[in-house]
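In what follows, a structure is listed as structure tokens, so that the remarks can point back to it.
Residue numbers (the working numbering): 19 to 212.
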């Protein structure tokens with residue numbers, strides 16, 4: 019590429035542009051220097067105030083202002099709150115929980131959810147009349163999951179001949195493996211619906 023030759027008029031305009039830019043930058047630089055001088059003067063005034071403040075206790079960020087005497091020590095031990103345990107080593111069982119456990123004990127056999135559902139509907143009609151059938155089934159499902167899971171009040175047995183589990187009292191099962199004890203195999207009654 020060939021370079022364009024500048025004439026005198028172009029050179030004068032470039033020099034004028036350069037000089038105006040330099041004047042603008044010098045003005046900004048003077049303004050920054052003046053601001054820094056003002057800040058240094060303010061900082062010099064603050065050093066006498068800070069010497070008075072150092073006599074007080076230093077505080078971390080976000081802590082409320084106040085004298086040393088108004089700060090209260092936190093009571094208790096820091097850390098996660100302990101889980102609430104109920105005396106006698108057990109859990110409080112709801113009316114639904116008790117109803118399911120009583121039905122299994124009264125029948126003295128392993129019961130599938132379908133059989134428990136029939137008795138739960140009758141119980142809910144008497145004790146909770148506003149519940150719909152779908153709500154009763156949902157509540158029973160949750161109760162069975164809770165009692166056979168984290169509460170450990172019920173054990174489960176899958177026969178393979180019928181859909182779902184048969185539920186029984188936890189004492190009828192081995193604690194270590196969760197399998198049904200041979201002594202209680204007679205409590206498993208498979209209906210003709212299988």
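Glycine included, every Cβ here is placed at the ideal spot set by N, Cα and C.
Considered as a whole, the stretch 133–207 harbours 151–166 as its complete alpha helix (DSSP H) runs of no fewer than 4 residues, in chain order. DSSP places residue 57 in the helix class (H, G or I) of the three-state scheme. In this structure, the straight-line span from the alpha carbon of residue 24 to that of residue 32 is close to 10 Å. The residues 174 and 176, in chain order, have a CB closer than 6 Å to that of residue 183 in the same chain once the five nearest residues on each side in sequence are set aside.
If you draw a 10 Å sphere on the C-beta of residue 79, you find fewer than 16 other C-beta atoms in it, and that means exposed. Between residue 190 and residue 168, the C-beta spacing is not below 8 Å.
Between residue 156 and residue 118 a beta carbon distance of about 14 Å is seen, past the 8 Å cut, so the two are scored as non-contacting. Beta-bridge annotation (DSSP): residue 129 is paired with 185.
The criterion of a C-beta distance shorter than 8 Å is satisfied by residue 138 and residue 158.
Residue burial is scored here from C-beta neighbours: residue 207 has fewer than 16 other C-beta atoms within 10 angstroms and is therefore classed as exposed. Between residue 122 and residue 100, the alpha-carbon positions lie close to 34 Å from each other. In the structure shown, the three-state DSSP call for residue 62 is helix.
In summary, residue 166 is buried, with 16 or more beta-carbon neighbours lying within 10 Å of its beta-carbon over all protein chains present.
Taking 8 Å as the cut-off, the Cβ atoms of residue 134 and residue 185 count as close. Put simply, the backbone Cα of residue 192 is about 31 Å away from that of residue 154.
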